[in-house]
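The structure appears right after this line, and notes come after that.
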Amino acid sequence: MTKILCIGAGYVGGPTMAVIALHCPQHLITVFDINEKKIAEWNSDNLPIYEPGLLEVVQQSRGRNLFFSASDIARHIDEAEIIFVSVNTPTKTFGQGAGRTADLQYWEKTARMILEHSSTDKIIIEKSTLPVRTAQAMENILNTNAKGLHFEVLSNPEFLAEGSAIQNLEKPDRVLIGGHDTPKGQKAVQTIVDLYANWVPRDRIITTNLWSSELSKLVANAFLAQRISSINAISALCEKTGADVEEVSYAIGRDSRIGPRFLKASVGFGGSCFKKDILNLVYLCESQGLPEVAAYWEQVILMNEYQEARFVANMVSSMFNTLAGKRIAIFGAAFKANTSDTRESPALAVCRGLLAEKADLVLCDPHALENARVDLGEDASRVTFEKDPYVAADGAHAIAVLTEWEAFAKLDYHRIFDAMVNPSFIFDGRNILDRAKMHEIGFNVYSVGKQPLLHFKQNSTD
Ligand code: UDX
Ligand code: ADP
Numbered sequence: 006m007t008k009i010l011c012i013g014a015g016y017v018g019g020p021t022m023a024v025i026a027l028h029c030p031q032h033l034i035t036v037f038d039i040n041e042k043k044i045a046e047w048n049s050d051n052l053p054i055y056e057p058g059l060l061e062v063v064q065q066s067r068g069r070n071l072f073f074s075a076s077d078i079a080r081h082i083d084e085a086e087i088i089f090v091s092v093n094t095p096t097k098t099f100g101q102g103a104g105r106t107a108d109l110q111y112w113e114k115t116a117r118m119i120l121e122h123s124s125t126d127k128i129i130i131e132k133s134t135l136p137v138r139t140a141q142a143m144e145n146i147l148n149t150n151a152k153g154l155h156f157e158v159l160s161n162p163e164f165l166a167e168g169s170a171i172q173n174l175e176k177p178d179r180v181l182i183g184g185h186d187t188p189k190g191q192k193a194v195q196t197i198v199d200l201y202a203n204w205v206p207r208d209r210i211i212t213t214n215l216w217s218s219e220l221s222k223l224v225a226n227a228f229l230a231q232r233i234s235s236i237n238a239i240s241a242l243c244e245k246t247g248a249d250v251e252e253v254s255y256a257i258g259r260d261s262r263i264g265p266r267f268l269k270a271s272v273g274f275g276g277s278c279f280k281k282d283i284l285n286l287v288y289l290c291e292s293q294g295l296p297e298v299a300a301y302w303e304q305v306i307l308m309n310e311y312q313e314a315r316f317v318a319n320m321v322s323s324m325f326n327t328l329a330g331k332r333i334a335i336f337g338a339a340f341k342a343n344t345s346d347t348r349e350s351p352a353l354a355v356c357r358g359l360l361a362e363k364a365d366l367v368l369c370d371p372h373a374l375e376n377a378r379v380d381l382g383e384d385a386s387r388v389t390f391e392k393d394p395y396v397a398a399d400g401a402h403a404i405a406v407l408t409e410w411e412a413f414a415k416l417d418y419h420r421i422f423d424a425m426v427n428p429s430f431i432f433d434g435r436n437i438l439d440r441a442k443m444h445e446i447g448f449n450v451y452s453v454g455k456q457p458l459l460h461f462k463q464n465s466t467d
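Right under this line is the structure:
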């Protein structure tokens with residue numbers, strides 16, 4: 006039996022350890038977090054994050070070889086042979102690299118905590134996404150100890166996407182493990198390869214040097230986000246030219262060199278990773294004297310911000326250039342479907358833009374309202390939070406669909422239309438609604454990257 010500790014019980018640490026525990030009943034896994042409320046929720050059937058299939062996986066191992074704890078960190082650290090670190094690494098908001106590089110304060114505190122409580126050698130694994138060469142910093146903190154201990158630091162970035170985390174962890178495209186090319190480094194890498202080999206085919210486990218592993222995580226997210234910004238840029242052109250962005254993405258996606266995935270035009274991408282990781286990449290390029298490379302990747306973020314702003318501007322101009330006092334139902338707060346996460350959600354960016362226009366917002370989401378209230382901060386007092394979409398749309402001038410929850414596509418839009426103010430507008434920021442049907446019901450329908458379907462002549466000066 007190996008004792009494994011994970012520090013940080015968030016979107017990454019919790020699901021990852023639950024799946025490791027499920028497939029490795031021979032190992033004892035403890036997930037520690039400083040947030041006691043979160044740990045109490047992990048120990049209940051009301052988990053702190055909404056993720057399809059997660060509760061079932063947790064229930065199979067919890068109390069057997071999977072434990073969630075907010076206390077006794079000294080003992081947990083001392084007993085563990087392997088420690089995964091998945092604490093949060095948000096973008097820095099102060100000092101050097103503010104708005105660009107990662108804030109490593111939680112991370113460094115964790116390293117120092119590990120050092121303080123260790124009396125044996127350990128393998129330390131970076132699971133959080135981190136700037137390249139952070140492993141070096143962790144090694145420097147850990148291995149300049151007076152105790153004569155050796156800590157082997159590995160990088161094992163997580164590629165799961167929220168909403169499909171369990172599926173991604175059960176059948177990953179690949180598992181990436183980076184370590185030093187030294188006997189101790191390679192031995193540690195092999196230990197972690199063997200851990201994943203309990204359920205992941207060996208040919209899907211890739212081993213690299215530490216820096217390649219750290220950089221690959223940033224680059225994977227940058228490439229994925231770049232595809233979305235690319236198709237979103239084309240969506241703007243489609244709206245001007247009469248081309249249909251879904252037809253364009255289908256046509257180009259059939260080229261096997263391009264492939265069909267991640268070509269869905271939308272109101273924009275969100276989530277805790279894309280923006281943060283690209284900013285890390287940009288900062289890295291700048292600090293390495295590569296301003297052209299930095300500017301190239303920064304454009305992916307700027308295009309995303311443009312897409313969000315364009316969506317708001319389109320709503321304003323379509324609704325006769327004023328939203329002041331108009332009730333608008335916002336369908337979706339989460340940054341994507343099947344998650345309660347609202348970090349960097351385009352829905353909240355659109356809400357802020359509409360609030361600046363003094364619109365009267367009713368925000369509706371099946372699982373993300375609590376997080377939305379926190380993330381909106383002071384603006385939350387100007388928003389009504391409503392779980393029932395029929396109540397949200399009652400008396401509204403417009404609906405904006407900002408998260409692709411399946412439930413939003415299945416509503417009775419006849420009933421909704423009858424309860425709205427005329428003329429009624431639908432702005433489908435995720436292209437999930439049957440546009441022709443919506444138009445037939447009576448809505449003026451705006452989609453991303455398509456011509457609007459209207460019941461009146463559009464103002465040609467917009
Ligand atoms: C992403 C990566 O996919 C994952 O590998 C990494 O570990 C973490 O970051 P995540 O942010 O959870 O995962 O979700 P993802 O499915 O990648 O979606 C990100 C955003 O892009 C969402 O807002 C989604 O709605 C948007 N998106 C995605 C599009 O707008 N169009 C697409 O075609 C795909
Ligand atoms: P991610 O999406 O990367 O998993 P989260 O913010 O969801 O990020 O989770 C990170 C978790 O790490 C949080 O629950 C936070 O309380 C926890 N955390 C931060 N610092 C420490 C620390 N020093 N010790 C234990 N847990 C920590």
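Throughout the sequence shown, residue numbering follows our numbering, covering 6 to 467 in sequence. Even for Gly, the Cβ is constructed at its ideal location relative to N, Cα and C.
Three-state secondary structure (DSSP) at residue i?
i           : result
residue 365 : strand
residue 213 : strand
residue 232 : helix
residue 205 : coil
residue 176 : coil
residue 389 : strand
residue 105 : coil
residue 467 : Because the pLDDT of residue 467 is 44, which lies under 50, any placement of that residue in the model is unreliable, and the question is left without a value.
residue 15  : coil
residue 472 : Because the chain spans 6 through 467 in this model, residue 472 falls outside it and cannot be assessed.
residue 113 : helix
residue 347 : coil
residue 357 : helix
residue 403 : strand
residue 433 : strand
Please state whether the Cβ-Cβ distance between residue i and residue j is less than 8 Å.
i           : j           : result
residue 204 : residue 28  : yes
residue 7   : residue 87  : yes
residue 232 : residue 268 : yes
residue 363 : residue 407 : no
residue 309 : residue 273 : yes
residue 404 : residue 398 : yes
residue 219 : residue 277 : no
residue 334 : residue 347 : no
residue 344 : residue 111 : no
residue 140 : residue 160 : yes
residue 371 : residue 410 : yes
residue 13  : residue 70  : no
residue 431 : residue 448 : yes
residue 165 : residue 119 : no
Tell me whether residue i, by its Cβ, gets closer than 7 Å to a heavy atom of the ligand ADP.
i           : result
residue 37  : yes
residue 425 : no
residue 107 : no
residue 51  : no
residue 187 : no
residue 12  : yes
residue 16  : yes
residue 93  : yes
residue 201 : no
residue 43  : yes
residue 114 : yes
residue 161 : no
residue 255 : no
residue 118 : yes
residue 111 : yes
residue 123 : no
residue 150 : no
residue 40  : yes
residue 133 : yes
Between residue i and the ligand UDX, is there a pair consisting of the residue's CB and a ligand heavy atom that are separated by less than 7 Å?
i           : result
residue 226 : yes
For residue i, which residues from the same chain have a beta carbon less than 8 Å from its beta carbon, with the 5 sequence-adjacent residues on both sides left out?
i          : result
residue 52 : 19, 46, 59, 60 and 63
Who are the Cβ neighbours of residue i in its own chain at under 6 Å, not counting the five residues just before and after it?
i           : result
residue 153 : none
residue 222 : 134 and 162
residue 72  : 35
Among the residues of its own chain, which have a CB less than 7 Å from the CB of residue i, if the five just before and after it don't count?
i           : result
residue 4   : This structure does not reach residue 4, given that the chain is present from 6 up to 467, and the question cannot be answered.
residue 303 : 287
residue 241 : 315
residue 357 : 384
Task: Quiz: which residues have CB nearer than 5 Å to the ligand UDX non-hydrogen atoms - done: 164, 166, 167, 233, 267, 269, 271, 274, 275, 276, 278, 340 and 341
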